[in-house]
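Enquirer: The listed protein sequences derive, respectively, from chains G and H.
Start counting the first sequence at 4; every next residue gets the next number (the numbering used here).
Start counting the second sequence at 4; every next residue gets the next number (the numbering used here).
For every residue, glycine included, the Cβ atom is placed at its ideal position computed from N, Cα and C.
Just so we're clear, the structure is a prediction, and the values are computed from it rather than from any experiment.
Let me begin by handing over the structure; questions about it come next.
Protein chains: 2
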Amino acid sequence: MVDTNICPKFEKALSILNKRWTALIVFQLLNGSQRFCNIESGIGISGRVLSERLKDLEKEGIVKRTVFDETPVRIEYTLTEKGKALEPILKQIQSWSDKWIETDDQTVV
Amino acid sequence: MVDTNICPKFEKALSILNKRWTALIVFQLLNGSQRFCNIESGIGISGRVLSERLKDLEKEGIVKRTVFDETPVRIEYTLTEKGKALEPILKQIQSWSDKWIETDDQTVV
DNA sequence: ATACTTACTTACATAAAGTAAGTTAATTAT
DNA sequence: ATAATTAACTTACTTTATGTAAGTAAGTAT
């Protein structure tokens with residue numbers, strides 16, 4: 004990447020949030036801990052990419068993976084404090100979309 | 004895409020903002036109108052993708068392209084009201100990154 | 001034993017982004 | 001007058017990211 008004069012922290016944040024699905028995964032987890040297959044079906048992401056994203060988000064300290072040693076084993080993904088702190092961003096996106104995005108109601112008759 | 008229970012306006016907003024470079028372009032234009040090459044060098048995007056993104060953003064009504072018929076012709080890109088309204092989102096991202104992203108100061112000696 | 005579920009991974013196909021060179025039109029430098 | 005430079009792109013080609021589908025391992029239900 005080329006040298007820019009933009010704050011590196013901000014750029015880092017964008018490089019995380021910019022990635023496809025990241026925001027939706029976080030949005031989904033704001034409703035509470037969820038299992039792999041629930042996130043998968045909840046937002047319509049493929050398992051391949053979800054697996055990849057969850058690893059990234061774990062590495063960034065945004066998501067925590069917890070294994071419950073029941074039988075069968077249960078694995079849950081939860082937002083960390085850092086992850087929960089993303090809520091105001093998503094809220095802002097929501098209110099922007101409410102104000103500025105039109106629903107092109109494509110109801111086929 | 005698979006059917007989800009997420010608000011379509013919100014999904015639409017994310018599909019715009021999620022795209023690589025979109026947020027940085029808007030961020031750059033919050034400083035005022037800019038020319039193609041200034042955005043290009045300002046954020047380190049390639050001309051190919053910048054051209055593509057500006058067209059997308061124009062289509063979404065976020066950016067306005069203005070041709071000044073001087074010689075040589077000058078073309079400026081400006082945020083519309085809809086585009087300016089994205090500022091609070093970027094501000095939120097900024098404050099999140101200030102609080103949660105660490106600078107891994109990789110100063111090579 | 002067979003089928004089903006969860007949480008993945010692997011292999012392969014398609015779409016998006018990066019790189020570099022080319023285009024057009026006008027401008028300035030020699 | 002010719003050559004080089006700048007702005008705003010486009011085109012061709014390569015690399016990376018994402019999607020699709022099938023496979024795996026461990027356990028459960030019938």
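Thinking just about the alpha-carbon of each residue, which of H:85, H:30, H:94 is nearest to the one in residue 105 of chain G?
Expert: For residue 105 of chain G, the nearest C-alpha among the options comes from H:85.
Enquirer: I need the boundaries of the beta strand (DSSP E) containing residue 33 of chain H, first residue and last residue.
Expert: Segment: none, residue 33 of chain H is in no beta strand (DSSP E) and carries neither H nor E.
Enquirer: Is there a Cβ from chain H that is less than 8 Å from the Cβ of residue 92 of chain G?
Expert: Closer than 8 Å to some Cβ of chain H, the Cβ of residue 92 of chain G qualifies, so yes.
Enquirer: What's the C-alpha gap between residue 45 of chain G and residue 88 of chain H?
Expert: Answer to the nearest angstrom: the Cα atoms are 29 Å apart.
Enquirer: Would you say residue 159 of chain H reaches chain G, if we count a Cβ-Cβ gap shorter than 8 Å as a contact?
Expert: Because chain H spans 4 through 112 in this model, residue 159 of chain H falls outside it and cannot be assessed.
Enquirer: If we cut at 8 Å on Cβ distances, does residue 102 of chain G have a partner in chain H?
Expert: Yes, its Cβ sits closer than 8 Å to a Cβ of chain H.
Enquirer: In chain G, which residues lie with their C-beta within 9 Å of the C-beta of residue 106 of chain H?
Expert: In chain order: 11, 12, 15.
Enquirer: For residue 46 of chain G, does the three-state DSSP call read helix, strand or coil?
Expert: Of the three classes helix, strand and coil, the one that applies to residue 46 of chain G here is helix, per DSSP.
Enquirer: Judging by CA-CA distance, which residue of H:13, H:22, H:29 is the nearest neighbour of residue 83 of chain H?
Expert: Taking only the C-alpha atoms, the option nearest residue 83 of chain H is H:29.
Enquirer: What is the DSSP secondary structure of residue 111 of chain G, counted as helix, strand or coil?
Expert: Note that residue 111 of chain G has pLDDT 47, beneath the 50 cutoff, so the model's placement of it is unreliable and no number is given.
Enquirer: Please confirm whether residue 56 of chain G has its beta-carbon closer than 8 Å to some beta-carbon of chain H.
Expert: Not an interface residue.
Enquirer: DSSP three-state label for residue 66 of chain G, please.
Expert: Reduced to three states, the DSSP call for residue 66 of chain G is strand.
Enquirer: List the residues of chain G whose Cβ lies closer than 9 Å to the Cβ of residue 21 of chain H, in chain order.
Expert: Correct list: 20, 21, 22, 23, 24, 25, 26, 27.
Enquirer: With a cut-off of 8 Å, do at least 3 Cβ pairs link the stretch 51–62 of chain G to the stretch 15–29 of chain H?
Expert: With a cut-off of 8 Å, the stretch 15–29 of chain H and the stretch 51–62 of chain G do not count as touching, because too few Cβ pairs lie within range.
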